[in-house]
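S.K.: Residues in the sequence shown are numbered consecutively from 24, following the working numbering. What follows is a structure written as structure tokens; I'll ask about it next.
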Amino acid sequence: MREFPDLRDTVARLLSPRMRNRLQRRPPTIRDVARQAGVSVATVSRILNRREDVAPATRERVLRVIREQGYTRNRTASALSAGRSGLVGVTLPKIQSSYFAQLADAIVDALYEHDLRAVFCPTRHERELELSLLERLMHGMTEGAVLILPSESSAELLAVQGQGYPLVVLDPKTPVGPGIPSVSAANITGAAAATRHLLGLGHRRIAAITGPAGWCATDDRLAGLHTALAGAGIEPDAALVAEGDFEVAGGRNAAARLLALPDRPTAIFAFNDNLAVGAFQAARELGLELPGDLSVVGFDDSEEAPLVTPALTTVRQPLGEMARMAVSLLTRLLAGRPVEALRVELATTLVVRESTAPPPARRRPAAGGDARRRRGRTQTALVLPR
Ligand code: HPA
Numbered sequence: 024m025r026e027f028p029d030l031r032d033t034v035a036r037l038l039s040p041r042m043r044n045r046l047q048r049r050p051p052t053i054r055d056v057a058r059q060a061g062v063s064v065a066t067v068s069r070i071l072n073r074r075e076d077v078a079p080a081t082r083e084r085v086l087r088v089i090r091e092q093g094y095t096r097n098r099t100a101s102a103l104s105a106g107r108s109g110l111v112g113v114t115l116p117k118i119q120s121s122y123f124a125q126l127a128d129a130i131v132d133a134l135y136e137h138d139l140r141a142v143f144c145p146t147r148h149e150r151e152l153e154l155s156l157l158e159r160l161m162h163g164m165t166e167g168a169v170l171i172l173p174s175e176s177s178a179e180l181l182a183v184q185g186q187g188y189p190l191v192v193l194d195p196k197t198p199v200g201p202g203i204p205s206v207s208a209a210n211i212t213g214a215a216a217a218t219r220h221l222l223g224l225g226h227r228r229i230a231a232i233t234g235p236a237g238w239c240a241t242d243d244r245l246a247g248l249h250t251a252l253a254g255a256g257i258e259p260d261a262a263l264v265a266e267g268d269f270e271v272a273g274g275r276n277a278a279a280r281l282l283a284l285p286d287r288p289t290a291i292f293a294f295n296d297n298l299a300v301g302a303f304q305a306a307r308e309l310g311l312e313l314p315g316d317l318s319v320v321g322f323d324d325s326e327e328a329p330l331v332t333p334a335l336t337t338v339r340q341p342l343g344e345m346a347r348m349a350v351s352l353l354t355r356l357l358a359g360r361p362v363e364a365l366r367v368e369l370a371t372t373l374v375v376r377e378s379t380a381p382p383p384a385r386r387r388p389a390a391g392g393d394a395r396r397r398r399g400r401t402q403t404a405l406v407l408p409r
């Protein structure tokens, strides 16, 4: 049976290209422009990419056709055809936490400066999820990834990198081997500065609430603590170290255990600000005054640090700078340029606020001296609820 041509097509053939596209409700393509200007698609592409190797008269003609047809380039399509999606994967344990939120925010800003956007993949500390997410990122649309606190081993990361997928580790959970670019805060010197601050105030029984065992942040901050204690001639006391999980509740439980010790610490160095807030809670539950009875130092300088009462003395991690550095390393890798500084450690600074003060015996010397005062405190501590 003979088919009748669509009336719209018949009319369209009689019209100018621009009107034809309008009628057919189809935006003009680079092919339409090339056909109309009588040049190849490659020539139009060269002109769109501002290349010099096109005769001025041809450029004029093509630009006139572009204007007439109302052609606009589909940037996503042209980026994709050049092997670029403009997307960068960002894996992180979670977003709802001041520490990770600040890093995420700074990463987004730094990516925008490079005309890149983030695809966030919270892993919820689940190793299986993390591995499959990385796999999916690598085989998906992203050009590379920033991995915050990844659980993957160095070998696993090297395998991903070996397949030509650029990645940068931000705040390594476990030590990353040579060949994988990483960015972290100067944890050892930061922890040493926090400890020296407490020593300088006269504290000798300094407890620590750490992060999870085996994490770089935990090991390095412990190393800084021990270095500073050794500098003051103090042997580390294992009873004064309680493991935390970087969460408020964990800090509260750990501090309750430390404060129930017969000879309880006069200061707690919490390995992050969440743990420090937990220590505040535990101390208040025992009726202790902060910082009169107990000094607390944190680590992070989170947004909450100046807002809690008393305002938290803490070690500032340069989170914005860390994020910018990670993105800068990644963009260099994406551009195919070599990265020389594979392990970047950015300086931390102690921020002294109101949660630290001299230990009680020094602040209010009791008649009979330190020993009697401490004995009295010990008895108090023994009757306190656990
Ligand atoms: N600070 C806060 N939370 C964290 C950190 C840290 O350094 N590392 C992992 N979680």
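Glycine residues also receive a C-beta, built at the ideal position from the N, C-alpha and C atoms.
1) Taking its Cβ as the centre, do 16 or more other Cβ atoms sit within 10 Å of I118, making it buried, or is it exposed?
2) I need the straight-line Cα distance from T95 to A57, nearest angstrom please.
3) For F322, is the beta carbon positioned less than 8 Å from some heavy atom of ligand 1?
4) Enumerate in chain order the residues of its own chain whose CB-to-CB distance from A370 is below 6 Å, with the five nearest sequence positions on each side excluded.
5) Looking at ligand 2, does it come within less than 8 Å of S120, judged from the CB to the closest heavy atom?
6) Starting from T241 and walking both ways along the alpha helix (DSSP H), at which residues does that stretch end?
7) Considering only residues of the stretch 157-210, which uninterrupted beta strand (DSSP E) runs meet the minimum length of 3 residues and lie entirely inside it, listed in chain order?
8) Is DSSP giving D138 helix, strand or coil here?
9) When you compare each of G267, Q340, T197 and F303 to A334 by their alpha carbons, which one comes out closest?
10) Just verifying my parser: in three-state terms, what is the DSSP assignment at T236?
11) How many Å lie between G343 and A129 at the Cα?
12) So who's on the other strand from R74, going by DSSP bridges?
13) Quick check on the DSSP output: the beta strand (DSSP E) that includes G321 runs from which residue to which?
14) Go ahead and label V406 buried or exposed: buried means 16 or more other beta carbons lie within 10 angstroms of its beta carbon, across all protein chains shown.
15) Nearer than 8 Å: is that true of the beta carbon of A208 relative to any heavy atom of ligand 1?
M.R.: Inspection of the coordinates gives the following:
1) Counting Cβ neighbours within 10 Å, I118 comes out exposed, since fewer than 16 surround it.
2) Cα to Cα, the separation comes out at about 14 Å.
3) Checking every heavy atom of ligand 1 against the Cβ of F322, one is found closer than 8 Å.
4) Non-local C-beta neighbours of A370 in its own chain, meaning closer than 6 Å and more than five positions away in sequence, comprise A209, ordered along the chain.
5) Ligands in the displayed structure: ligand 1; ligand 2 is not one of them.
6) First-last of the alpha helix (DSSP H) with T241: C239 to G254.
7) Within the stretch 157-210, the complete beta strand (DSSP E) runs of at least 3 residues are 167-171, 190-193 and 205-208.
8) Note: D138 maps to coil in three-state DSSP.
9) Of all alpha-carbon atoms in G267, Q340, T197 and F303, the one lying nearest the alpha-carbon of A334 is that of F303.
10) Looking at the sequence shown, residue 236 is not Thr but Ala. Looking at A236 - three-state DSSP - the assignment turns out to be coil, as it is neither helix nor strand.
11) Using only the alpha carbons, I get a separation of about 5 Å.
12) Partner(s): none; R74 has no beta bridge.
13) Secondary structure note for G321: its beta strand (DSSP E) is the uninterrupted segment S318 to D323.
14) Bear in mind that the predicted position of V406 carries a pLDDT of just 28, short of 50, making it unreliable; the figure below should be weighed with that in mind. Exposed is the call here.
15) The answer is yes for A208.
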